[in-house]
Structures are given as C-alpha cells and as structure tokens.
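Peer 1: Pasting a structure below so you can have a look.
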Amino acid sequence: MCIFSETCGSALALEHNGDLYSCDHFVEPKYLLGNIKQVHMLTLVTSDQQRQFGLAKRDTLPRYCRECSVRFACHGECPKNRFIDTPDGEGGLNYLCAGYKAFFTHIDFPMRTMANLLRQGRFADEAMEILNAR
Numbered sequence: 015m016c017i018f019s020e021t022c023g024s025a026l027a028l029e030h031n032g033d034l035y036s037c038d039h040f041v042e043p044k045y046l047l048g049n050i051k052q053v054h055m056l057t058l059v060t061s062d063q064q065r066q067f068g069l070a071k072r073d074t075l076p077r078y079c080r081e082c083s084v085r086f087a088c089h090g091e092c093p094k095n096r097f098i099d100t101p102d103g104e105g106g107l108n109y110l111c112a113g114y115k116a117f118f119t120h121i122d123f124p125m126r127t128m129a130n131l132l133r134q135g136r137f138a139d140e141a142m143e144i145l146n147a148r
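This is the structure we're talking about:
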C-alpha cells in the first residue's frame with residue numbers, strides 16, 4: 015500500500031486522453047507529468063519532477079512524525095491527508111495520525127511475537143496461544 019511507503023510515486027494516474035499524473039490522489043495541473051502520446055511514458059515516470067514528488071512525502075514530514083515511535087509503519091501516511099497541525103503547532107500532520115498511532119502501538123507486541131515465531135521456523139498462528147496466556 016503506497017500510503018504507508020516512505021516515499022510516493024508508484025501509484026500514477028493515467029487519464030483517457032494520455033495525461034499522466036504523479037499520483038491518483040493528485041490529479042491536478044500541478045502534478046501533471048505530461049502526455050504519453052507526446053512523451054514516452056518511461057521518460058515521464060523517471061522524470062526529476064516525479065522523483066521530487068516521491069521524495070517530498072518523506073522530506074516534508076513534520077518533526078512530530080520524524081520522531082514518532084511508529085513512523086516505520088506509517089511514514090505520515092498519504093500527503094493528501096496532512097492538513098492539521100502537530101501538538102507543537104507545526105503544519106503537515108495527517109488527520110488520521112492519532113488513530114494510526116494507537117493502532118500500530120496496539121499491534122506491536124502481537125506482530126513482534128509472530129515475527130519471532132517465523133524466524134524460529136514456527137507457525138505465526140502460535141502467537142494466539144502466547145497472547146491468550148498474557
């Protein structure tokens with residue numbers, strides 16, 4: 015799922031007329047890469063504009079996100095949802111942040127348990143017994 019990737023740029027949108035946009039969430043003139051009838055699609059996909067679009071997701075995270083314990087799982091989610099302020103007043107926080115933070119924190123122990131079981135060559139469903147014994 016691209017929304018949880020560190021960077022963006024792999025969910026492009028292609029319109030019926032050949033216009034290619036950086037993302038299916040940003041089908042707006044600012045994010046138009048070009049038209050595949052005029053420029054080879056590979057050229058547009060690998061363009062500096064598209065690369066910068068993808069890196070902006072990571073590079074524009076507010077400090078609150080950069081220092082978050084669940085950043086590795088969320089990465090600030092989709093930039094289209096980053097329109098509220100952090101508790102410190104910095105802009106660019108995802109409006110779903112509190113829910114994601116609660117969810118990823120809640121599943122931390124069960125996920126680590128399953129990962130450890132798999133590393134040991136065991137089955138992930140054994141985690142249920144471990145979790146129920148807690």
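Under the working numbering, the residues of the sequence shown are numbered 15 to 148, in order. Built from N, CA and C at the ideal position, the CB exists for glycine as well.
Looking at the secondary structure, which residues open and close the alpha helix (DSSP H) in which Ile144 lies?
Peer 2: In the sequence shown, the residue the question calls residue 144 occupies position 130. 141 to 147 is the extent of the alpha helix (DSSP H) around Ile144.
Peer 1: Does DSSP put Asn95 in a helix, a strand or coil?
Peer 2: Taking the sequence shown and counting its residues from 1, the one referred to as residue 95 is at position 81. Helix.
Peer 1: Is the beta carbon of Phe137 less than 8 angstroms from the beta carbon of Leu145?
Peer 2: Taking the first residue of the sequence shown as 1, we reach residue 137 at position 123. Taking the first residue of the sequence shown as 1, we reach residue 145 at position 131. The answer is no: Cβ separation not under 8 angstroms.
Peer 1: If you run the structure through DSSP and keep just helix, strand and coil, what is Ala116?
Peer 2: For the purposes of this step, residue 116 is taken as residue 102 along the sequence shown, with counting starting at 1. In the structure shown, Ala116 sits in a helix (DSSP, three-state: H, G or I).
Peer 1: Please go through the same chain and pick out, in chain order, the residues whose beta-carbon is closer than 6 angstroms to the beta-carbon of Gly90, but skip the five residues on each side of it.
Peer 2: What you label residue 90 is simply residue 76 of the sequence shown in a count that begins at 1. Contacts found: Leu75, Cys79, Asn108.
Peer 1: Does the Cβ of Gly68 have 16 or more other Cβ atoms within 10 Å, making it buried, or fewer, making it exposed?
Peer 2: Translated into the one-based positions of the sequence shown, residue 68 becomes position 54. Label assigned to Gly68: buried.
Peer 1: Give me, in chain order, the residues of the same chain whose beta-carbon lies closer than 6 angstroms to that of Tyr114; leave out the 5 immediate sequence neighbours on both sides.
Peer 2: In the sequence shown, the residue the question calls residue 114 occupies position 100. Within the same chain, Tyr114 has close Cβ partners Cys88.
Peer 1: Just curious, the beta strand (DSSP E) that Asn49 is in, first and last residue?
Peer 2: Counting from one through the sequence shown, the residue named residue 49 turns up at place 35. Looking at the DSSP string, the run of the beta strand (DSSP E) that includes Asn49 is 46 to 49.
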